[in-house]
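Take any residue in the sequence shown, note its place counting from 1, add 1, and you have its number in my numbering. Before any comments, here is the structure.
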Amino acid sequence: MRLGVRHPGLKFVALTANTHAGKPMASVFPHLAMAGLPDLVANEDVNFSDIDVVFCGLPHGTSQKLVADIAQENSSLRVIDMGADFRFRNAEDYGPVYGADHVAPHLQEKAAYGLTEHNRDAIRDAQIIACPGCYPTATLLALLPLVKSGAISTDDMIIDAKSGVTGAGRAPKQNTLLAEAGESLTPYGVGVHRHAPEIEQEIGLAAGKKVAVNFTPHLIPMSRGELITAHVKLDGAKNADEARKILADAYEGEPFIRVAEKGVIPSTGHVRGSNYCVINVFDDRISGRVIVIAAIDNLVKGSAGQAIQNFNVAFGYPEATAIEALPLFP
């Protein structure tokens, strides 16, 4: 909403939040008090028949039910889903990861994976745009061009990932209390995080074979920001310079991807509050390996900014509309 209220093609006509239904937006998000937004209502109180597009930011297992219902009410309505429910290209892959069968598998064929830079053609016409998770966004932007070109091997991929506490959502949780998370770096989802199969799906698609990745996320005591460090084997590329050149060529002209100059280490501070992604490649001290580092803001390029970027692609607006802002510093 912070980004969308400045978009010339978006008008927010209904905002739903069942636990806050009946409240003005200012009482839930005071920083949006001046945005002129409608009061919050329950999902069932919205007439979806006159709405062009719905942005969903719901827990897994929730948006699939809502989308199935509103698609019956308005078959021309388009959905941009920031949740997990339509990210798997095969609906049968959803259950083993999220612990319940997909309730709307018939809609999966109408969904496109919403990694903008790598799937624009499908996004442009899809009824449902499934925005990737924040960790897959950073990881795939860093690695997909290298995998597609054969520059790196898909064997023995190790992805070390770190995110601010907003990655855990806004609901109060003990592990994200200031006294618990402050001054403490904590791995979580060790060996079982739900974003790993999503990363494997897309890397496997690019490689043309089934792949497995070693993925470990960490909670960092800061509000926002995400950084992934990928340790990978070289294949077609000889060194980090060649891999960096492949990335630079692949992303030439992309408005939000910056492949940094040699030696520049990406930092979350380079992208804070923006829709940008900064990537670089470094030679490992272990022969035949490189280290690929990428930084994004998990709430913008990792979520809401990418959703609006996908909206722009789907509805024919210049891709950077409403998300041109440079990173915040300090």
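Virtual Cβ for every residue (Gly too), placed ideally from N, Cα, C. Please read all numbers here as calculations on a predicted model, not as lab measurements.
Tell me which same chain residues have a C-beta within less than 7 Å of the C-beta of residue i, skipping the five on either side of it?
{"i": "D1", "result": "Only positions 2 to 331 of the chain appear in the structure, and residue 1 is not among them; the question remains open."}
{"i": "I324", "result": "L4, N276, G306, I309 and Q310"}
{"i": "G183", "result": "P222"}
{"i": "A101", "result": "G62"}
{"i": "A321", "result": "P256"}
Let me know the secondary structure DSSP gives residue i once reduced to three states.
{"i": "M35", "result": "helix"}
{"i": "F283", "result": "strand"}
{"i": "S268", "result": "coil"}
{"i": "L206", "result": "helix"}
{"i": "Y189", "result": "coil"}
{"i": "C278", "result": "strand"}
{"i": "R356", "result": "Outside the displayed range of the chain (2 to 331) lies residue 356, so it cannot be described from this structure."}
{"i": "F312", "result": "helix"}
{"i": "P361", "result": "No statement about residue 361 is possible, as the shown extent of the chain runs from 2 to 331 and does not include it."}
{"i": "S28", "result": "helix"}
{"i": "D86", "result": "coil"}
{"i": "I247", "result": "helix"}
{"i": "P146", "result": "helix"}
{"i": "A22", "result": "coil"}
{"i": "R7", "result": "helix"}
{"i": "V233", "result": "strand"}
{"i": "D157", "result": "coil"}
{"i": "H219", "result": "strand"}
{"i": "E227", "result": "strand"}
{"i": "S288", "result": "coil"}
{"i": "A241", "result": "helix"}
{"i": "V68", "result": "helix"}
{"i": "L16", "result": "strand"}
Under a Cβ-count criterion, where at least 16 other Cβ atoms within 10 Å of its own Cβ denotes burial, should residue i be classed as buried or exposed?
{"i": "G209", "result": "exposed"}
{"i": "K239", "result": "exposed"}
{"i": "N276", "result": "buried"}
{"i": "P319", "result": "exposed"}
{"i": "T20", "result": "exposed"}
{"i": "N281", "result": "buried"}
{"i": "L179", "result": "exposed"}
{"i": "R171", "result": "exposed"}
{"i": "N313", "result": "buried"}
{"i": "A92", "result": "buried"}
{"i": "M83", "result": "buried"}
{"i": "R245", "result": "buried"}
For residue i, collect the residues of the same chain with a Cβ closer than 6 Å to its Cβ; drop the 5 residues on either side in sequence, then sort them by chain order.
{"i": "V54", "result": "R79"}
{"i": "V68", "result": "V80"}
{"i": "A139", "result": "E227, I229, A295 and I297"}
{"i": "L11", "result": "G5"}
With distances taken Cα to Cα, identify the nearest neighbour of residue i among the options.
{"i": "R125", "options": "E325, I309, P328 and E253", "result": "I309"}
{"i": "T217", "options": "R7, F330 and Y136", "result": "Y136"}
{"i": "I160", "options": "E201, P173 and A182", "result": "E201"}
{"i": "A197", "options": "V314, V98, F87 and L33", "result": "V98"}
{"i": "P328", "options": "F312, D46 and I297", "result": "I297"}
{"i": "P331", "options": "A18, G270 and Q128", "result": "G270"}
{"i": "E110", "options": "L141, F312, E45 and R88", "result": "R88"}
{"i": "A15", "options": "E45, S28 and A34", "result": "E45"}
{"i": "V166", "options": "Y189, I52 and D242", "result": "Y189"}
{"i": "D51", "options": "P60, F13 and L33", "result": "F13"}
{"i": "R290", "options": "H232, F316, S76 and A169", "result": "H232"}
{"i": "A332", "options": "S185, L220, S154 and R245", "result": "Limits of the chain in this structure are 2 at one end and 331 at the other, which puts residue 332 out of reach."}
{"i": "N215", "options": "V193, R225 and E203", "result": "V193"}
{"i": "I129", "options": "E118, N120, R121 and Y114", "result": "Y114"}
{"i": "L300", "options": "E262, K263 and A169", "result": "A169"}
{"i": "R273", "options": "S288, A127, S28 and G303", "result": "G303"}
{"i": "N120", "options": "E199, E203 and A18", "result": "E203"}
{"i": "F30", "options": "E243, E262, R90 and M2", "result": "M2"}
Apart from the five residues just before and just after residue i, which ones in its own chain have a Cβ nearer than 8 Å to its Cβ?
{"i": "G23", "result": "D40, L41 and V42"}
{"i": "I247", "result": "P146, L147, S150, A152 and A238"}
{"i": "E181", "result": "Q175"}
{"i": "H219", "result": "D161, A162, K163, S164, L186, T187, P188 and Y189"}
So, under 8 Å CB-CB, residue i and residue j are touching, yes? Tell me the CB distance rounded to an integer number of Å.
{"i": "I258", "j": "I294", "result": "Wrong, their Cβ atoms sit about 14 Å apart, outside the cutoff."}
{"i": "A72", "j": "L108", "result": "7 Å"}
{"i": "Q65", "j": "A123", "result": "Q65 to A123, Cβ: 19 Å. No contact."}
{"i": "K174", "j": "L228", "result": "Not a contact, Cβ separation roughly 22 Å."}
{"i": "L144", "j": "C278", "result": "12 Å between Cβ atoms; not a contact."}
{"i": "A207", "j": "G134", "result": "At roughly 17 Å, the Cβ-Cβ gap does not stay under 8 Å, so A207 and G134 are not in contact."}
{"i": "A241", "j": "F283", "result": "5 Å"}
{"i": "F56", "j": "N75", "result": "In fact, because the Cβ distance is near 15 Å, the residues do not count as touching under 8 Å."}
For residue i, decide whether its Cβ has a neighbour in chain D, counting only Cβ atoms nearer than 7 Å.
{"i": "K302", "result": "In the structure shown, chain D does not exist; there is a single protein chain."}
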